Amino acid sequence: MRLAMVRGAMGQSSRNGRGFGRAGVAAGAAALLPGAVAAEALLPELPVIGQPIPGGTGFQPPVTSIARDLIWLESMLMVILTVITVFVVGLLLYVIVRFNSRSNPTPARFTHNSPLEVTWTVVPIIILVFIGVFSLPILFKQQIMPDADITIKVTGKQWYWTYEYVDHDFEFDSFMIGSPATGGDFTLTAETEAQLIEAGYAREHFLLATDTAMVVPTGATVVVQVTASDVIHAWTIPSFGVKQDGIPGRLAELWFRAEQEGIYFGQCSELCGIAHAYMPITVKVVSPEDYEGWLDRAIATYGGTPRNADLAAAN
Ligand SMILES: [Cu+2]
-9 MRLAMVRGAM GQSSRNGRGF GRAGVAAGAA ALLPGAVAAE ALLPELPVIG
41 QPIPGGTGFQ PPVTSIARDL IWLESMLMVI LTVITVFVVG LLLYVIVRFN
91 SRSNPTPARF THNSPLEVTW TVVPIIILVF IGVFSLPILF KQQIMPDADI
141 TIKVTGKQWY WTYEYVDHDF EFDSFMIGSP ATGGDFTLTA ETEAQLIEAG
191 YAREHFLLAT DTAMVVPTGA TVVVQVTASD VIHAWTIPSF GVKQDGIPGR
241 LAELWFRAEQ EGIYFGQCSE LCGIAHAYMP ITVKVVSPED YEGWLDRAIA
291 TYGGTPRNAD LAAAN
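Heads up: the sequence shown at position 257 corresponds to 247 in my numbering, and the numbers run straight through without jumps.
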C-alpha cells in the first residue's frame, strides 16, 4: 500500500510536459502546477454550486435535465412508499387491536380468500407497472448516449483522476489540494488553506477541491468515458445526476448537459483503498467563450493537438 502511494505521488514527474518531480515541489502554493494555473487561472471567478452542506439531507442543486428527472422520480416514489407504509402499519395496528386473544378469543378457521389473494397480487403489479412507466424512460435517457459535442475519458487511479480530452489529444491529472502530490499530507494545514485560496476555493472546500478541474461549457453534450487503471473507482457529480463505476479494462459511459456556470464537486464513490477519501472530483462549467479560451491554453499547456491541425489535414 505504501509503495502504491509513493508511486501515485511521484509517478507523474515526466508526463504532460511537466519536467519536475512532484514530490520535490512541496513548498507553499508553488506546489500547484504552473501548467494548471496557466490553463485555469484566466477563467472568471465561478460560484460553487454543487457541494455538500453540513447536516444536509436533500439533493444538491440540479443543473442538468437528468438530475431534475432523478429528483422528480424520487419525490414521486416517496409519495407511493409513504402511502404503502402508512397502509401496512395501519393494517398491523388494526390486527393487533382487533384480533388479539382478549378481544377475539375464538379465531375464525378459514384459510383462503380468493378475491383477497387476487387483489394483493394484482395491486402490487399495477403499482410496479406504474413506477416502471416513469422510471424506465429516465433510465434509458441516462444510459443511451446522445451524440457528443465533447468526449472526455476519465481514468480513476489510486488516488487521483486523469482527464483525457480525446478530441484534442491531451490529458492531465487532477489531485486533491492538500494531497502529497500538491505538497500536503491529507490534513488541512495553513499551507493547504493558502493553496485553496490561491486556486479560487475556500477553507471549507478542503477534501473537495482539486489542483486541476475538468472544464466543460454550458449547453454542450458531454460524454464521459469512465474507466480505471488499478482498482474500481466511481466518478460522480451529484448536481449533474451522474455516477458511474470506473472498472479496469472496461469503458463505461455517462453523459450530461450542464446548464449553469459554476463549480461542482464530487467524490470517488467506490471504496478504492487507503486514500479513497482523498480523490475528489472538481468540474468547472463555464461559458462557451471561456471554454474555447481554456481549451486553447490547455492544448498549449498539456501538449494537445492544436485545433487548426484538423483543417490543415483536410487541405
Ligand atoms: Cu477511488
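Backbone N, C-alpha and C fix where the C-beta goes; we use that ideal spot for every residue, glycine too.
All figures in this text were calculated on a predicted structure; none of them were measured in a lab.
CB of residue i to nearest heavy atom of ligand 1: below 8 Å?
i           : result
residue 269 : yes
residue 148 : yes
residue 224 : yes
residue 174 : no
residue 306 : Coverage of the chain is limited to positions -9 through 305, which leaves residue 306 absent and any answer about it impossible.
residue 263 : yes
residue 107 : no
residue 260 : yes
Specify, as a first and last residue, the run of the alpha helix (DSSP H) that residue i falls within.
i           : result
residue 134 : No alpha helix (DSSP H) contains residue 134, which DSSP labels as neither H nor E.
residue 80  : 55 to 88
If you follow the beta strand (DSSP E) that residue i is part of, which residue opens it and which one closes it?
i           : result
residue 224 : 223 to 227
residue 40  : 38 to 40
On a CA-only basis, which of the options is nearest residue i? Give me that one, please.
i           : options            : result
residue 271 : 293, 279, 289, 230 : 230
residue 214 : 224, 282, 143, 194 : 143
residue 174 : 159, 222, 201      : 201
residue 151 : 219, 32, 106       : 219
residue 63  : 82, 282, 120, 242  : 120
residue 211 : 186, 141, 67, 101  : 141
residue 268 : 93, 46, 149, 192   : 149
residue 198 : 176, 206, 181      : 176
residue 233 : 48, 34, 60, 45     : 60
residue 37  : 101, 297, 88, 275  : 275
residue 69  : 117, 51, 254       : 117
residue 168 : 156, 114, 182, 281 : 182
residue 134 : 89, 246, 93        : 246
residue 286 : 159, 259, 208, 196 : 159
Could you check if residue i is buried or exposed, using at least 16 other CB atoms within 10 Å of its CB as the buried criterion?
i           : result
residue 54  : buried
residue 236 : buried
residue 204 : buried
residue 261 : exposed
residue 147 : buried
residue 223 : buried
residue 161 : buried
residue 12  : Low confidence applies to residue 12: its pLDDT is 40, below 50, so where it sits in the model is not reliable, and the reading given next is rough at best. Flag for residue 12 reads buried.
residue 110 : exposed
residue 172 : buried
residue 264 : exposed
residue 106 : exposed
residue 137 : exposed
residue 164 : buried
Within the segment 141 to 206, ranges of the alpha helix (DSSP H) (whole runs, at least 4 residues): The DSSP assignment places 180 to 188 as complete runs of the alpha helix (DSSP H) inside the segment 141 to 206, in order along the chain (cut-off: 4 residues).
Inside the segment 216 to 286 only - alpha helix (DSSP H) runs reaching at least 4 residues: For the segment 216 to 286, not a single whole alpha helix (DSSP H) run of length 4 or above is found.
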